[in-house]
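Just so you know, the sequences run in chain order A and B. The first sequence begins at 1 in the working numbering and counts up one residue at a time. The second sequence begins at 1001 in the working numbering and counts up one residue at a time. Note that CB positions come from ideal geometry on N, CA and C, so glycine has one too. Heads up: the structure comes next, in structure tokens.
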Amino acid sequence: SQQGEEDPQALSIQEGENATMNCSYKTSINNLQWYRQNSGRGLVHLILIRSNEREKHSGRLRVTLDTSKKSSSLLITASRAADTASYFCATDDAGGTSYGKLTFGQGTILTVHP
Amino acid sequence: GAGVSQSPSNKVTEKGKDVELRCDPISGHTALYWYRQRLGQGLEFLIYFQGNSAPDKSGLPSDRFSAERTGESVSTLTIQRTQQEDSAVYLCASSRTHRRSAFFGQGTRLTVV
Chain A
1 SQQGEEDPQA
11 LSIQEGENAT
21 MNCSYKTSIN
31 NLQWYRQNSG
41 RGLVHLILIR
51 SNEREKHSGR
61 LRVTLDTSKK
71 SSSLLITASR
81 AADTASYFCA
91 TDDAGGTSYG
101 KLTFGQGTIL
111 TVHP
Chain B
1001 GAGVSQSPSN
1011 KVTEKGKDVE
1021 LRCDPISGHT
1031 ALYWYRQRLG
1041 QGLEFLIYFQ
1051 GNSAPDKSGL
1061 PSDRFSAERT
1071 GESVSTLTIQ
1081 RTQQEDSAVY
1091 LCASSRTHRR
1101 SAFFGQGTRL
1111 TVV
């Protein structure tokens, strides 16, 4: 079944550095979304990029989407200790019997050291 | 309320008991999702409701799991004869419709002892 897979599984950087996380998926999508999770509870939506878009920005976040490679990247610039969290990509299935189902990857654990 | 509300926030139950988890989505959201997240793991899809369409139950791990949703309102996830491997955080999310960003509740942490 469709699933986003993040890479790396864990990332440790110093405050001020940039953090890049990647996501790969397997089938056609309507859009790809990135979420953040603190402390293993509810997820917070960060950004959505549609299948006909290649790049999108939101504050310190930059997301790219390459549908030919079925991959996306999330870049966090000038990271802060408060960015420490788990980051998940989610794909919105484009077809099949479950149009619009959101499927999540395993996540990247980001640690930003002060 | 303004966000997705889940109850209870924590539940400890004895093995073999049934549990019912509740999700109140954001008003007007037609899509509702249930996920399970084990400690340190990603989100495992369980079930997806979209408007009046038949729900996608393909992620339910066994026939001990079931979920209902009345119209576009509250959903309940029921786990019968709980097992220790059912221990996890159960997350609910809703979105205005499919193809839109989802808003998550804080989850129910289920512990089966």
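Legend entry - Classification of N31/A by the beta-carbon crowding that lies within 10 angstroms, buried from 16 upward: Flag for N31/A reads buried.
Inset, instruction - Using the Cα positions of Q1106/B and G1042/B, report the straight-line distance between them to the nearest angstrom. - result: 15 Å
Inset, instruction - Can you give me the Cβ contacts of F1045/B inside the same chain, cut-off strictly under 7 Å, excluding the 5 residues immediately before and after it? - result: Y1035, G1059
Legend entry - Euclidean distance between Cα positions of G1003/B and G42/A: 11 Å
Inset, instruction - Could you check if T1097/B is buried or exposed, using at least 16 other CB atoms within 10 Å of its CB as the buried criterion? - result: exposed
Inset, instruction - Would you give the residue range spanned by the beta strand (DSSP E) that I1026/B belongs to? - result: I1026/B -> no beta strand (DSSP E), and no H or E assigned at all.
Inset, instruction - Counting only runs of 4+ residues fully inside the stretch 57–85 of chain A, write out the alpha helix (DSSP H) ranges in chain order. - result: none
Legend entry - the ligand NAP heavy atom lying under 7 Å from the CB of V112/A: With respect to the ligand NAP, the structure offers nothing, as it holds no ligand at all.
Inset, instruction - Tell me whether D7/A sits in a helix, a strand or coil according to DSSP, three-state version. - result: strand
Inset, instruction - Give a yes or no on whether the minimum CB-CB distance between G100/A and chain B is below 8 Å. - result: yes
Legend entry - Backbone secondary structure at E1085/B - three-state DSSP: Looking at E1085/B - three-state DSSP - the assignment turns out to be helix.
Legend entry - Counterpart residues of Y1035/B in DSSP-defined beta bridges: F1045/B, L1091/B
Legend entry - Interface flag, H45/A vs chain B, CB-CB below 8 Å: yes
Legend entry - Which listed residue (G1040/B, A1031/B, S1007/B) has its alpha carbon closest to that of F1049/B: Among G1040/B, A1031/B, S1007/B, the Cα nearest to that of F1049/B is on A1031/B.
Legend entry - Residue-chain proximity (R62/A, chain B), Cβ-Cβ < 8 Å: So, not an interface residue.
Legend entry - Min CB distance F1104/B to chain A below 8 Å: yes
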